Structures are given as structure tokens and as C-alpha cells.
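Engineer:
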Amino acid sequence: SAKADSKDEL
Amino acid sequence: MNIFRFVGDMSHLASFFLLLAKLIYTKSSTGVSLKTQALYLTVFVCRYLDLLVAFVSWYNELMKIFFIAASAYIVYVVATSTRNSNASDTYRVEFLVIPALVLACFVNETHWSKGGWSLNVMEILWAFSIYLEAVAVLPQLKMLHQLEDTTNITMHYMASLGIYRAFYLLNWVYRLYYEGYWHPIAVVAGIVQTLLYADFFILYYQSVLLRLPS
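Sequences listed follow chains L and R, in order.
With my numbering applied, the first sequence closes on residue 19, and no number is skipped along the way.
With my numbering applied, the second sequence closes on residue 224, and no number is skipped along the way.
#1: So, with DSSP's three-state summary, where would you put F177 of chain R?
#2: Helix or strand or just coil, what does DSSP make of A11 of chain L?
#3: Mind checking the region 68-85 of chain R against chain L and listing, in chain order, the residues whose C-beta falls within less than 8 Å of any C-beta there?
#4: Taking 8 Å as the threshold, find out whether the region 115-123 of chain R comes into contact with the region 171-186 of chain R through three or more Cβ pairs.
#5: Applying a beta-carbon distance threshold of less than 8 Å, which residues of chain L neighbour R175 of chain R?
#6: Per the contact definition of three or more C-beta pairs closer than 8 Å, is the region 33-50 of chain R in contact with the region 199-211 of chain R?
#7: What first and last residue would you give for the alpha helix (DSSP H) that runs through N70 of chain R?
#8: Could you tell me how far apart the beta carbons of G200 of chain R and L179 of chain R are, in whole angstroms, since I believe they sit closer than 8 Å?
#9: Identify the contact partners of R15 of chain R in chain L, using a Cβ-Cβ distance below 8 Å as the criterion.
#10: Check distances from the C-beta atoms of the region 136-163 of chain R to those of chain L and list, in chain order, the residues that come in under 8 Å.
#11: Give a yes or no on contact between the region 68-82 of chain R and the region 141-157 of chain R, applying the rule of three or more CB pairs nearer than 8 Å.
#12: Can you tell me whether R102 of chain R is helix, strand or coil according to DSSP?
#13: In chain L, which residues lie with their C-beta within 7 Å of the C-beta of V66 of chain R?
#14: Would you be able to state if there are at least three C-beta pairs under 8 Å between the region 40-54 of chain R and the region 181-198 of chain R?
#15: Measuring alpha carbon to alpha carbon, tell me which residue in R:G18, R:V53, R:V88 is nearest K32 of chain R.
#16: So, helix, strand or coil for E189 of chain R, using DSSP?
#17: Report the option in R:V202, R:V66, R:V112, R:P149 whose CA atom is closest to the CA atom of L19 of chain L.
#18: Can you give me the C-alpha to C-alpha distance between V218 of chain R and M165 of chain R, rounded to a whole angstrom?
#19: In terms of alpha-carbon separation, which member of R:L129, R:M132, R:A146, R:A79 lies closest to A110 of chain R?
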């Protein structure tokens, strides 16, 4: 999955 | 989402409402650093570019949109304030922006072997936003130290930002332990950012809490 997907914080 | 992350986010959200309340009800932007607010707007725009490509949750989407919109509005209000007496907003922000950008170019989470060109540029901007957020409060801190008549609401605004940072640290400890979640760039920058607030909390304790009527 794209790396951006793992950034789930604000 | 764990309770630490949620409390941190709510404290962050509260900081926006405190600042908006100060600007709207006192009709004055005295004591509010335009530079810090412009840096925060830059931080949110650079970090939340993933709004366009990655959907995490409605909670995340709405919070991101609110943070961008609210900080843009705050920048607009402070920048156009006619009674603005922010001569003490003298921090040299190029000393923050340029090192953050250079660092982001070298220390980031890009994977050039995977993902497209645009995703990797987003990773550099993400790292830049993390580094910039860590130091974005410095112009505001400098103003607080210089101004005598800092209103309590500005101090409460800063305190809620500090609480937001502290709870994010607890959130990362929790997530590392229970989920193995670990973004070293965010954690190291987050520790630096939280330490900067330690300086503020000493000021807060002396100038606000000690003045509260008993």
C-alpha cells in the first residue's frame, strides 16, 4: 500500500 | 484511536477556538504572532496534501479541512487587523523555514523505488511540515516574552497547544507498545516541539496561574 496510507495522525 | 490521541486532538481543536474567540471578541490581534500563524498554515497545507490521495476516516478528513480553513482564516484576520501592534513579531522565520526544508530533503520517508514521483514529493513535504511544526511556535514565544500585557486567552491558547503535544507523545508510547506503530521523524520532532513548550509552561505558571484569584 502507499506510504501515505500509513499516516493516520494529524 | 486511543484516548491520548483523542485528547490531544481535542486540545488542538480547542486551541483554534480559543484563538478565534480572542480575535473575534476582543477585536484585536495584539499578542498574536502572524509569523507563527503563517507557519502553521504552511504546516497544514504541506502535510494534508494527502487529502487528495488517501482517505483515512471522516474524522481525519474533517479535522484536516478544519485545521487548514481555520488557520487560513486566522492568518487573514491577523494580517488585515488595523489595530495590529505587532512590532514585536520580529522572529527571523527564514532561520526556521530553510533548515526545515533542507532537513526534509535529506531525512524523510521517501521510497523512490516504490511509489510515484508525486507521492515522494509529498513525503518530503510531510517531513518538512513535521520539522516546521516543531519550531513554528518560536515567533509566538518570543512575543510572549517581550509583551507585558499578554492576555490570558493567548496564554490559554498556548497551553492547549502544549497539552496537545504532550498527549501526542503519550499516544506514540501507547501505539509503539500496542501496535508497533513508529514514525521516528514525527516522534523525534514531537519531543523537540514538546520541550519548547516546557519553557512556555514556566511562563504560564508564573503569569497566569499565580495570578488567578483564590
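The C-beta atom is built at its ideal place from N, Cα and C for all residues, glycine as well.
Here the structure is a predicted model, which means the values were calculated and not measured.
Structural biologist: Once the coordinates are examined:
#1: helix
#2: Confidence is the limiting factor: at A11 of chain L the pLDDT is only 35, short of 50, which leaves the residue's position unreliable and the question unanswerable from this model.
#3: For the region 68-85 of chain R, the beta-carbon criterion of a distance under 8 Å to any beta-carbon of chain L is satisfied by N70, M73, K74, F77.
#4: no
#5: Correct list: empty, because the minimum Cβ distance to chain L is about 12 Å.
#6: no
#7: 68-90
#8: With 8 Å as the limit, G200 of chain R and L179 of chain R qualify as a contact, their Cβ atoms being about 6 Å apart.
#9: E18
#10: W136
#11: no
#12: coil
#13: Within chain L, the residues near V66 of chain R are D17.
#14: no
#15: R:V88
#16: helix
#17: R:V66
#18: 8 Å
#19: Among R:L129, R:M132, R:A146, R:A79, the Cα nearest to that of A110 of chain R is on R:A146.
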